[in-house]
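Chains as they are written, first to last, in our numbering: chain A, 406 to 576; chain B, 328 to 668; chain C, 6 to 805. All residues carry an ideal CB built from backbone N, CA and C; glycine is no exception. For clarity, every value in this text was computed on a predicted model and none was experimentally measured. Notes to accompany the following structure.
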């Protein structure tokens with residue numbers, strides 16, 4: 406690179422990244438070519454994030470970046486420094502499953518379960534923004550995640566159940 | 328797992344620096360914003376840059392704002408989600424909000440930018456394939472080969488324009504602001520596209536899009552975007568119709584523009600449409616005429632989902648529906664989307 | 006001989022169950038929702054190498070040589086193998102072993118594996134593939150059924166008798182000519198069902214280790230670890246006892262992970278050569294080449310009817326495009342003709358089927374295996390018949406539903422049948438009578454019904470051993486572990502075992518530990534295919550529990566001083582039925598039993614009953630129990646664009662007993678979804694060059710939430726005597742009626758018949774323009790039919 410572009414950074418080979426994942430700061434050495442998906446699964450052992458195409462065509466690898474769902478297969482890890490990243494492993498709080506996780510489990514909405522981590526995160530992003538979504542909102546919010554097992558029926562019902570349980574007045 | 332090939336990542340802070348880097352690195356460099364088009368294509372060996380010049384740390388191509396007397400500024404680095412959700416865009420330019428909001432999926436729109444969508448690589452189902460596939464079939468003009476597999480006699484690549492937002496911004500008369508190390512220039516967005524699947528952008532490689540202006544006068548235009556595809560998400564358009572028009576108080580059409588996507592390598596302006604629509608009410612006859620004209624210039628090929636004859640035929644149906652919707656909106660209380668914000 | 010496979014002493018009370026029939030959650034839900042379930046690709050091992058397969062870019066070519074020298078020289082490459090290293094042929098069916106792990110001298114489809122690399126990373130392995138030189142002699146590809154039948158001098162395989170014909174079959178059951186003579190009207194039609202693929206979200210993955218003790222272990226995303234076990238032993242020439250196959254939780258199968266595969270054998274061989282763990286994960290594109298999905302089938306059907314709609318005879322021909330290898334094709338061709346007889350009374354039936362080889366990825370079993378195609382043809386033809394005769398399509402079916410305990414004209418024994426109730430309920434809840442032919446233009450309803458097997462009557466390789474085995478271990482702390490070879494592919498088979506055992510032993514499902522799909526630890530279960538798992542593992546588990554219970558009751562009877570036949574197990578206790586206060590905790594009972602008998606274990610096994618048909622080919626079709634489904638689809642169809650929007654699907658399914666209503670609903674909903682994908686958009690299609698046209702999850706269209714309508718599921722219970730707790734299958738059958746129901750609804754909406762799957766917008770417009778031609782079928786001389794009629798076979802009572 407030319408020395409004139411002083412404020413440009415050039416990254417090649419490997420680099421030590423500081424990633425904020427599920428509320429914890431992690432130092433990870435990774436190649437610049439690595440997607441966030443590869444780093445989560447292969448460098449950090451967070452294999453809860455699955456992959457189905459690595460091309461942004463299926464939704465399986467969905468994670469949250471600052472609360473927004475994105476495909477981790479299409480995001481470079483070097484671009485993930487700074488924002489807060491949430492994976493399925495970060496949904497439970499203090500050992501208690503997230504209401505979505507509980508509802509999905511209670512309704513047996515996970516069949517093979519492979520798409521479920523991505524769907525849970527897409528659903529969480531929706532509920533964080535819109536605590537009382539209509540069915541059409543749920544369908545829209547989950548339309549970037551393919552599932553081949555369930556016909557989405559129990560999945561949508563589980564989101565609705567999580568909404569109902571969360572919105573119930575507490576004793 | 329599909330992985331990215333090796334590259335060096337350059338992350339400048341300004342567009343000028345980015346453009347300088349692109350110029351210096353030449354053919355071996357590509358610009359990348361959200362990466363939703365670039366990374367899949369690198370994984371499949373369609374793009375083979377040694378350097379990626381990232382626009383992620385640049386601030387000057389961000390922002391969506393109304394500038395009185397000038398129009399609406401949309402920074403190229405804004406995500407498609409930001410554009411689709413922006414209040415002014417939704418109110419004044421529902422076609423743009425819809426087009427941006429219909430790109431792929433929410434996850435993709437949260438990463439992909441409007442600039443990326445405007446300049447999205449042309450698509451073809453002989454080209455959007457892995458290296459293995461393309462090797463098995465034989466490489467094509469657009470990458471590694473010397474023949475167009477869609478139409479072997481064609482000397483130009485016939486990959487299709489697959490942008491949802493380009494036809495809309497074209498229909499709204501948007502101006503593009505391009506920046507390079509040498510400075511910036513402003514050109515009608517229309518003029519940036521060439522009907523050539525390979526060399527589909529009429530700009531220098533190092534020129535970067537800072538953003539677009541939707542001109543002030545477009546605020547008075549009703550606008551709509553209709554998209555044909557197999558599914559309600561994920562899919563690129565296999566036909567898109569952007570229509571914008573303005574009528575006077577009596578309902579007479581004063582201006583109209585229809586732009587198609589996915590029927591050629593560039594957004595296709597239906598040049599004769601204004602002639603059919605202007606100076607008379609937007610009635611069934613006028614709509615029929617305009618739709619017929621649109622279908623005549625629509626030339627889908629057998630290189631995308633759904634039969635080409637079907638997509639051609641749908642051009643008429645979709646243009647008719649788009650215009651009917653605009654005409655109906657005009658009859659209801661002047662059309663909320665037609666009044667200046 | 007066999008024990009009665011129903012729960013202990015229910016006093017005839019229909020719902021005297023503690024966990025069966027209740028909407029309780031699956032046992033694997035919490036882990037799956039926590040991202041904690043370990044799928045094959047989640048496994049990482051020290052010193053692990055990564056493998057990739059070199060695949061043929063040609064649909065049909067001879068291999069004159071493969072040079073791996075340059076690949077081996079690449080730093081980081083540890084081994085490269087070719088066909089010569091694993092030359093033994095294999096295949097799922099014993100009589101059609103025509104696959105090679107890596108092609109030896111010929112490739113038969115684009116994507117056929119030719120070599121495999123083990124390297125330090127996927128990147129290096131991928132790079133190494135480009136350094137392998139293959140000397141191909143390209144041959145003309147055969148890409149259609151007609152092309153295969155015509156190319157008599159140009160063969161894809163050498164082993165089969167007639168060029169490119171894998172199997173041709175012909176049967177006549179009853180007197181079909183007489184049947185047609187008795188008819189008032191004869192209807193004929195041609196139909197085409199395009200191929201499609203499973204598209205599970207998890208890509209194929211396998212990992213092998215070969216340890217210094219000479220033992221091989223393979224973890225794989227497979228539905229059939231037992232068959233993979235056998236194939237590995239055969240190809241690698243290792244005793245089965247030295248091989249351990251573990252099926253990892255499968256991230257979607259639908260039949261696509263039921264064959265032994267090249268990638269499994271390749272990593273096993275590479276692990277043996279390198280002495281290091283070797284993993285391979287196929288990418289999405291490769292999954293379209295591995296395929297084994299729905300066969301494209303051309304069909305011709307002739308049906309004779311009385312004026313009142315009574316069927317007098319049927320003649321059906323199917324032409325299956327099998328792709329490059331046999332896979333399950335032998336069974337598939339039979340299945341296209343087997344189940345036409347089990348829904349409606351059919352006095353005479355003729356079936357002729359042929360499966361050909363073509364230079365495309367091999368087809369195999371996909372949800373419904375060989376039966377959705379003929380069911381589509383039949384249910385559409387019945388709709389046309391009803392229309393022409395001025396009858397209500399629902400009434401036409403109700404008129405002639407097969408009665409319980411019938412032997413059909415082709416020798417299939419129908420025991421329980423809830424089809425009538427399914428039809429009536431689905432018609433009532435959908436408002437059929439108020440909608441059919443009465444909705445506004447563009448809107449329509451369509452109806453269809455169907456049947457499927459609850460497990461095949463015969464195993465894939467001939468043997469008289471159990472189809473499923475269960476071992477039970479009771480721990481002195483009161484813990485119970487159930488061991489079974491069954492494979493969790495998302496259908497809930499692990500939960501079935503836990504619930505069956507919990508029900509039988511009076512425990513909570515969460516107190517039962519389940520160990521499955523590990524050939525070292527678990528007794529054989531044939532695999533997760535043919536909708537066999539609930540019925541067969543459920544029965545085996547019940548039997549094992551019965552055996553364990555005998556010992557527990559023996560000691561409990563002494564301690565409690567009540568006769569053993571007065572004992573029951575409930576709420577974690579063994580107690581007296583007549584004096585419920587008198588009981589002891591399960592754990593204590595186990596302790597006492599262990600003191601008395603030593604280590605406590607029990608086994609159970611299951612083999613389906615024999616079936617009446619005894620003709621050659623009668624092995625495909627029989628089952629312990631047929632499930633039944635009926636569906637109504639409401640849709641609207643835009644006659645300007647041909648686009649279809651499904652408004653709602655009502656589906657009733659005779660599942661015998663809802664083992665767990667949530668899970669059964671889940672299976673039904675998933676089946677409806679997969680059917681909608683097939684009928685509306687999914688296509689496994691090829692270019693003229695033989696290359697898959699759209700091998701990506703973007704262009705191979707799979708419905709999203711936005712295309713999936715509300716699904717109303719009605720469960721019909723028939724309490725099948727052969728099923729565990731009365732249960733029958735639910736995972737495949739409900740797919741079947743939805744496809745023809747959509748086609749029939751399109752007719753109701755816009756008045757055109759689409760005889761092709763998928764029903765796409767362009768076809769609807771062509772049909773509206775009267776430009777859509779009916780599919781063609783090739784001319785072909787089928788073999789002389791095998792003739793058979795009921796009464797000719799050896800009748801064996803179902804229950805002994």
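Length of the line joining the Cα atoms of residue i and residue j
i, j, result
"residue 181 of chain C", "residue 505 of chain A", "58 Å"
"residue 13 of chain C", "residue 573 of chain C", "In this prediction, residue 13 of chain C has a pLDDT of 43, which is less than 50 and means its spatial position is unreliable; what the coordinates show is noted afterwards. Roughly 8 Å separates the two Cα atoms."
"residue 359 of chain B", "residue 414 of chain B", "27 Å"
"residue 4 of chain C", "residue 585 of chain C", "Only positions 6 to 805 of chain C appear in this structure, which leaves residue 4 of chain C out of reach."
"residue 134 of chain C", "residue 365 of chain C", "22 Å"
"residue 558 of chain C", "residue 565 of chain C", "10 Å"
"residue 237 of chain C", "residue 270 of chain C", "6 Å"
"residue 543 of chain B", "residue 494 of chain B", "18 Å"
"residue 567 of chain B", "residue 374 of chain C", "39 Å"
"residue 493 of chain A", "residue 779 of chain C", "50 Å"
"residue 637 of chain C", "residue 342 of chain B", "59 Å"
Bridge partners - residue i, DSSP secondary structure assignment
i, result
"residue 793 of chain C", "C:178"
"residue 487 of chain C", "C:477, C:519"
"residue 636 of chain C", "C:453, C:656"
"residue 95 of chain C", "C:104"
"residue 302 of chain C", "C:198, C:325"
"residue 550 of chain B", "B:571"
"residue 554 of chain A", "DSSP lists no partner for residue 554 of chain A."
Under 7 Å between C-beta atoms of residue i and residue j
i, j, result
"residue 627 of chain B", "residue 590 of chain B", "yes"
"residue 469 of chain A", "residue 424 of chain A", "no"
"residue 485 of chain C", "residue 517 of chain C", "yes"
"residue 231 of chain C", "residue 684 of chain C", "no"
"residue 702 of chain C", "residue 299 of chain C", "no"
"residue 754 of chain C", "residue 642 of chain C", "yes"
"residue 653 of chain B", "residue 536 of chain B", "no"
"residue 71 of chain C", "residue 139 of chain C", "yes"
Candidates the options: closest to residue i by CA position
i, options, result
"residue 447 of chain C", "C:639, C:501, C:477, C:52", "C:639"
"residue 546 of chain C", "C:477, C:411, C:195, C:467", "C:477"
"residue 482 of chain B", "B:467, B:490, B:491, B:495", "B:467"
"residue 542 of chain C", "C:551, C:531, C:370", "C:531"
"residue 42 of chain C", "A:549, A:476, A:516, A:433", "A:516"
"residue 410 of chain C", "C:462, C:350, C:367, C:368", "C:350"
"residue 405 of chain C", "C:508, C:316, C:146", "C:316"
"residue 357 of chain C", "C:348, C:367, C:343", "C:343"
"residue 442 of chain B", "B:431, B:469, B:407", "B:407"
Return the residues of the region 348-364 of chain B that lie within a Cβ-Cβ distance of less than 7 Å from chain A, sorted by chain order. 348, 351, 362, 363
Which of the residues in the region 428-444 of chain A, read from start to end, lie with their CB under 9 Å from any CB of chain B? 436, 437, 438, 439, 440, 442, 443
With 7 Å as the limit, tell me which residues of the region 602-632 of chain B have their beta carbon closer than that to any beta carbon of chain C; keep them in chain order. 632
In the region 362-391 of chain B, which residues sit with their C-beta less than 8 Å from some C-beta in chain C, listed in chain order? none
Check distances from the C-beta atoms of the region 196-210 of chain C to those of chain B and list, in chain order, the residues that come in under 8 Å. none
To be precise: take each residue of the region 698-721 of chain C, compare its Cβ to all Cβ atoms of chain B, and keep it if any distance is under 9 Å. Which residues remain? 698, 699, 700, 701, 702, 703, 704, 706, 707, 708, 709, 710, 711, 712
Residues of the region 545-575 of chain B whose Cβ lies closer than 7 Å to any Cβ of chain C, in chain order: 557, 558, 559, 560, 561
To be precise: take each residue of the region 495-515 of chain A, compare its Cβ to all Cβ atoms of chain B, and keep it if any distance is under 7 Å. Which residues remain? none
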